[in-house]
Amino acid sequence: MERPSLRAALAGDRPLRVGWSCLPDPLTTETMVRAGFEALLLDLQHGMIDMGAAPAMLAAIRAAGGYALARVPVGEYQSASRLVDWGAEMVVAPMIETVDDARAFASFMKYPPDGLRSYGPARAVQLSGLSAEAYRTSANGSTLAVVMIETRSALANLDAILAVPGIDGVFVGPYDLSIALSPDGEPGLDRPDTIAAMERVVRQTKAAGKVCGAFGANAALVRRYLGLGFTFATLSTDMDLIAGAVKAAIAEVESA
């Protein structure tokens, strides 16, 4: 059976279970998908993953049946082209603040006439199971360019950013957004202004007919963000999940 595209899966009856990977190890990513994550995002911004580790990790996610997502470092839009050539189905670009930022990012994600992505997706074609021509003609619609909304400027320009051709949705970094909104630079995920800003992002993004995601550091935050109407919310990180599992196992042994 042909696997639905990531775009179709995100439009399904329930939110996808999406994880977050910081560790540069394909076996870890494969294990996370086989354990239950339906999609996994590789963090090349703050994680330990680099462009050398990414190809094998993207392939491991796809081989395990998951959807492969990635986040590029700030301003490295050219890296997006390499990631989608290697099989990423969504690329997230951080700290997008202006229409020009969004246009530059989209240009590396989409083939002409929608962008300037150079053609050479040999690995992506292999992982997709499609013919080269079928991949080429479907890639602009199935490979998602998602911008992060994390600053006051991004909020002010949100409608214009959403209107940029080739931008498929937004992703909120709640910590950075709360810091940007704070007069003293302190994070505050529970502050009314943070929650109101996230609600605004959902309203405007859904009005534009695009996907909206958010980073959830724990299950409670994932439930909160899904309750606000986000299309998806990523759950924790591989590092935190491993540390939490170790602590729980030790506590269980020592409490017996």
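Just so you know, full-length UniProt numbering puts 119 at position 119 of the sequence shown, and the rest follows in order with no gaps. Note that the Cβ used here is the ideal one computed from N, Cα and C, for glycine as well. Nothing here was measured: the structure is a model prediction, and the numbers come from that model.
Looking only at Ala219, Leu158, Glu186, the smallest Cα-Cα distance to Met198 is reached by Leu158.
Taken atom to atom, the span from the alpha-carbon of Arg14 to that of Glu2 is near 19 Å.
Apart from sequence neighbours up to five positions away, the residues of its chain that approach Lys210 with a beta-carbon distance below 8 Å are Leu162, Ile167, Asp168, Gly169, Val170, ordered along the chain. When only Cα atoms are considered, Ala53 and Ala59 end up about 11 Å apart. Assignment of beta strand (DSSP E) within the region 117-164, counting only whole runs of 3 or more residues, yields 144-149 in chain order.
In this structure Lys247 is exposed. Its beta-carbon is surrounded by fewer than 16 other beta-carbon atoms within 10 angstroms. In the three-state reduction of the DSSP assignment, Tyr111 falls in the coil class. Rounded to whole angstroms, Arg34 and Ala63 show a C-alpha spacing of 10 Å. Counting along the chain, Thr234 sits inside the beta strand (DSSP E) bounded by residues 232-235. Between the alpha carbons of Phe215 and Pro4 lies a gap of roughly 24 Å. Here Ile250 is exposed. Its C-beta has fewer than 16 other C-beta atoms within 10 Å.
For Met48, there is no enclosing alpha helix (DSSP H), since its DSSP letter is neither H nor E. By the 16-neighbour rule on beta-carbons within 10 angstroms, Glu252 is exposed.
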